[in-house]
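Every position in the sequence shown, counted from 1, becomes a number in UniProt numbering once 33 is added. Built from N, CA and C at the ideal position, the CB exists for glycine as well. To keep things clear, I will list the structure first and then write my remarks on it.
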Amino acid sequence: AGELAGAAERQAAALLAPPAPVRLGDVVPAPERVTPDADADHLLDADTVIRVSADPAALAVGEQLAALLRPATGYPLPVTDAAAPAPAGGIALDLTGDADLGAEGYRLDVTPAGVRITAGTAAGLHHGVQTLRQLLPAAIESATPVAERWVLPGGSIVDRPRYPHRGAMLDVARHFFGVADVLRVIDHLARYKLNRLHLHLTDDQGWRIAVDSWPRLATVGGANEVGGGPGGHYTQADYRRIVAYAAARHITVIPEIDLPGHTHAALTAYGELAPDGVAPPPYAGTEVGFSYVDPASERTYDFVTDVLGELAALTPGGWLHIGGDEAFKVKGAAYTGFVERVQQIVAGLGRTVIGWHQIAPAAHADGRLLQWWGTSGDDPVTADAVRRGAKLILSPGNHAYLDMKYAPDTPIGHDWAGLIDVRRAYDWDPAAHLTDVPADAVLGVEAPLWTESVTTLAEIEFMLLPRLPAIAELGWSPRSTHDWDGFRERLAGQGVRWTAAGITFHRSPEVPWP
Ligand code: TNX
């Protein structure tokens with residue numbers, strides 16, 4: 034009876050109170066279906082309890098929700114998986130095993146009596162939590178307690194992604210970024226319901242992952258970066274930490290070892306891999322296409338087998354990215370032969386191979402994915418690979434490359450693929466982007482950040498935000514929600530959150546920031 038009285042009091046208070054400051058549809062990426070109920074706002078308070086289905090992965094989502102809400106609210110927000118009915122005023126995370134919402138979908142119901150997220154998987158609950166977070170006043174991003182009415186807009190959302198592959202890439206080879214920076218990037222991905230982090234671990238300027246069987250790759254090949262700085266590398270323990278942190282946010286790490294080109298750093302460590310057998314000095318410039326491991330040498334395949342074998346053992350996700358771009362000095366049959374052999378090595382490790390779309394001419398390998406980074410949308414070779422069975426991840430250079438400048442005066446970045454303002458990042462359709470490629474060959478989208486000119490976490494964030502949410506929305510939201518004016522309004526609301534959280538972003542003039 035006490036609980037009922039409490040609920041009645043809450044309801045009465047809600048009727049008198051001002052409405053929630055955030056509208057139910059003010060979410061990025063836009064949800065599939067939003068049904069507001071202006072009379073059903075819900076107020077969190079110091080007694081709010083988070084009740085979670087008795088499942089370890091669901092419980093972990095509940096703990097993360099509590100960790101997100103505690104700093105700003107100052108509320109205790111205990112998390113329980115007790116089988117007791119939801120206490121009035123509680124937040125319930127219900128893992129139903131219901132297949133209707135798919136592998137990542139969720140349903141969110143906000144009523145005066147409580148908040149409920151329902152999903153068939155822990156990933157779905159996690160995405161629902163990201164939505165819930167965005168529906169609270171922006172001050173929820175504060176790291177210290179704020180006096181605020183923590184009110185959620187009433188109604189329900191039913192939501193699920195358009196594409197299963199929604200990613201971002203971070204180039205840690207041109208400049209090295211430590212574990213803490215990568216974890217922060219993972220937080221940004223999680224916020225926008227991305228589920229893949231592609232790490233470009235190796236390039237001409239640096240080798241960033243410790244390989245026990247070839248130790249000099251990291252110790253020698255890692256000790257350099259663009260501009261000649263000290264570089265660095267991840268120990269295997271560091272890398273495992275990144276993988277685990279991502280996994281806890283339902284993000285799969287896709288490691289890339291770029292082959293056969295972009296391998297100068299490896300050659301500095303092991304001259305035996307170089308075509309002339311001589312280890313060159315480190316390279317700190319930004320040219321591409323000059324280096325390669327010798328495709329005619331068996332030692333090269335020992336190297337690839339050892340490196341990919343160790344990486345597969347460290348990476349529970351199903352994919353290994355083998356690069357394949359800009360190997361200008363390995364041509365024709367030497368190139369396709371090399372790629373085909375490496376594809377076999379990946380298959381032998383029980384993993385699915387991904388390569389930049391330059392690997393298209395090679396024979397099909399089971400399940401292989403090509404990552405499109407062209408700028409024209411018209412490539413018969415890629416279209417042919419799709420006819421032979423490949424699926425695509427779309428990272429068009431002229432829309433999704435986050436190392437491109439926003440405008441001519443952007444202080445860092447490139448412009449070889451054009452300028453990419455927020456509208457350009459947002460206004461394209463993955464399903465209709467490539468000529469002669471059917472919509473169902475597209476597995477999703479990815480936003481790469483190359484780091485020749487990016488040297489700090491703040492610069493990463495400046496290039497990511499606000500464009501990453503644009504690509505995230507293309508990957509998640511149904512096409513029927515696509516609307517530039519609506520998107521920039523919703524983005525403006527995200528800016529307030531980034532400010533409250535101390536996150537750097539570019540104040541694009543196209544967005545009506547308050
Ligand atoms: C092309 S995109 C590259 C990278 C550069 C990037 C700079 C791709 C697969 N290769 O090596 O970093 O341009 O925008």
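Local conformation of residue i per DSSP, three classes
{"i": "W461", "result": "coil"}
{"i": "G516", "result": "It is worth fixing the name first, because residue 516 is Asp in this sequence and not Gly. Coil at D516, not helix or strand."}
{"i": "P288", "result": "strand"}
{"i": "G35", "result": "With a pLDDT of 44 at G35, under the threshold of 50, the modelled position of this residue cannot be trusted, and the question is left open."}
{"i": "A429", "result": "Residue identity differs from the one stated: residue 429 is Pro in this sequence, not Ala. Coil at P429, not helix or strand."}
{"i": "R238", "result": "The amino acid occupying residue 238 in the given sequence is Gln; Arg does not appear at that position. Here Q238 sits in coil by DSSP."}
{"i": "I83", "result": "strand"}
{"i": "G356", "result": "strand"}
{"i": "R229", "result": "strand"}
{"i": "I453", "result": "coil"}
{"i": "T333", "result": "helix"}
{"i": "E479", "result": "strand"}
{"i": "P313", "result": "coil"}
{"i": "G95", "result": "helix"}
{"i": "A396", "result": "coil"}
{"i": "L165", "result": "helix"}
{"i": "Y434", "result": "coil"}
{"i": "G294", "result": "strand"}
{"i": "R384", "result": "coil"}
Classification of residue i by the beta-carbon crowding that lies within 10 angstroms, buried from 16 upward
{"i": "F361", "result": "exposed"}
{"i": "S541", "result": "buried"}
{"i": "W517", "result": "exposed"}
{"i": "G535", "result": "exposed"}
{"i": "G35", "result": "Reliability fails at G35, whose pLDDT of 44 lies under 50, so the model's placement of it is uncertain and no value is given."}
{"i": "S246", "result": "exposed"}
{"i": "S486", "result": "buried"}
{"i": "T385", "result": "buried"}
{"i": "A509", "result": "The amino acid at residue 509 is misidentified as Ala; the sequence shows Trp. Buried, since its Cβ has 16 or more Cβ neighbours within 10 Å."}
{"i": "A99", "result": "buried"}
{"i": "E494", "result": "buried"}
{"i": "K364", "result": "exposed"}
{"i": "L351", "result": "Rather than Leu, the amino acid found at residue 351 in this sequence is Gly. G351 comes out exposed."}
{"i": "residue 1", "result": "Residue 1 is absent from the model: the chain starts at 34 and stops at 547."}
{"i": "W483", "result": "buried"}
{"i": "S86", "result": "buried"}
{"i": "A50", "result": "exposed"}
{"i": "D291", "result": "buried"}
{"i": "P197", "result": "exposed"}
Identity of the residues DSSP links to residue i by a beta bridge
{"i": "Y139", "result": "D192"}
{"i": "L203", "result": "L232, L482"}
{"i": "residue 559", "result": "No statement about residue 559 is possible, as the shown extent of the chain runs from 34 to 547 and does not include it."}
{"i": "A125", "result": "R84, R149"}
{"i": "R521", "result": "Beta-bridge pairing links R521 to no other residue."}
{"i": "L404", "result": "Here the sequence assigns Gln to residue 404, which means Leu is not the residue at that position. For Q404, which the question treats as bridged, DSSP gives the partners W389, I426."}
Ligand 1 heavy atom lying under 7 Å from the CB of residue i
{"i": "D204", "result": "yes"}
{"i": "W405", "result": "no"}
{"i": "G434", "result": "Gly is not the amino acid found at residue 434; the sequence shown has Tyr there. Checking the Cβ of Y434 against ligand 1 gives yes."}
{"i": "W389", "result": "yes"}
{"i": "E343", "result": "no"}
{"i": "V321", "result": "yes"}
{"i": "W240", "result": "no"}
{"i": "D220", "result": "no"}
{"i": "W449", "result": "yes"}
{"i": "P485", "result": "As written in the sequence, residue 485 is Glu, which differs from the Pro given in the question. Yes, since a heavy atom of ligand 1 falls inside the 7 Å radius drawn around the Cβ of E485."}
{"i": "E359", "result": "yes"}
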